[in-house]
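Below is one structure, written out as structure tokens; the observations come after it.
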């Protein structure tokens with residue numbers, strides 16, 4: 001981006017940019033600016049930023065409570081040059097850290113000192129600030145809590161059932177639904193294909209008769225979300 005400052009037009013790179021396709025306007029985070037650059041002041045005629053004792057106008061009032069940034073995009077090759085000289089406090093080491101797939105400091109230093117890289121235009125590797133991408137990539141997910149709920153102790157004591165459908169395509173026999181019956185103790189699952197949800201009750205009676213005959217047990221409870 002190119003911005004008008006008291007010292008003339010300056011080029012720089014906006015970092016931590018989020019792409020939101022359906023957003024009609026580009027939004028600029030004042031909070032992030034104050035954290036990384038300096039304080040921001042809003043007046044009737046515009047928005048002013050301050051850095052290293054210098055104050056300049058970064059946005060003009062546009063209406064509807066919004067301020068329009070006085071920035072213009074630069075050509076890609078100019079943007080790359082600005083990034084090479086401006087990222088992470090002016091160090092090219094961080095730029096090569098990004099270009100080489102977030103390589104570590106020691107790995108990059110090995111490439112530079114042994115001169116085994118092609119086109120790497122740095123003679124020494126400087127420490128860079130915390131890389132947000134690396135920090136996010138090293139995060140781990142908290143473990144799911146183990147299921148401590150005890151299962152039933154007998155076959156057919158609890159049967160879980162669910163109905164799914166209609167499917168976008170029917171079977172050759174015209175069936176678009178299916179119902180499942182799962183025994184809580186054994187986790188044995190039986191699936192029936194259906195033409196309509198009205199068949200669920202009949203299929204349960206068919207399942208219960210089959211299961212009770214094979215196990216010698218009686219179905220006690222049927223657990224369902226009433227989807228049928």
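In the numbering used here, the protein residues as written are 1 to 228.
Ideal placement from N, C-alpha and C gives every residue a C-beta, glycine not left out.
Given the structure is predicted, the values throughout are model-derived calculations rather than measurements.
With respect to residue 1, residue 71 sits close: the two C-beta atoms are nearer than 9 Å.
Inter-segment contact for the region 115-126 and the region 91-103 is present: three or more beta-carbon pairs are separated by less than 8 Å. DSSP places residue 110 inside the alpha helix (DSSP H), whose first and last residues are 105-113.
Put simply, the backbone Cα of residue 184 is about 40 Å away from that of residue 136. With respect to residue 199, residue 192 sits close: the two C-beta atoms are nearer than 9 Å. By DSSP's assignment, residue 161 forms a beta bridge with 181 and 224. Exclusion of the five residues before and after residue 45 leaves no residue of its chain whose Cβ lies closer than 6 Å to its Cβ. In this structure, residue 219 keeps its C-beta atom at 9 Å or more from the C-beta atom of residue 203. Excluding the 5 residues flanking it on each side, residue 60 has same chain C-beta neighbours closer than 7 Å at 46, 67, 68 and 70, in chain order. DSSP, read as helix, strand or coil, puts residue 96 in helix.
The DSSP-derived three-state label of residue 65 is coil. For residue 105 against residue 131, the beta-carbon gap comes to about 10 Å, at or over 8 Å, which does not count as contact.
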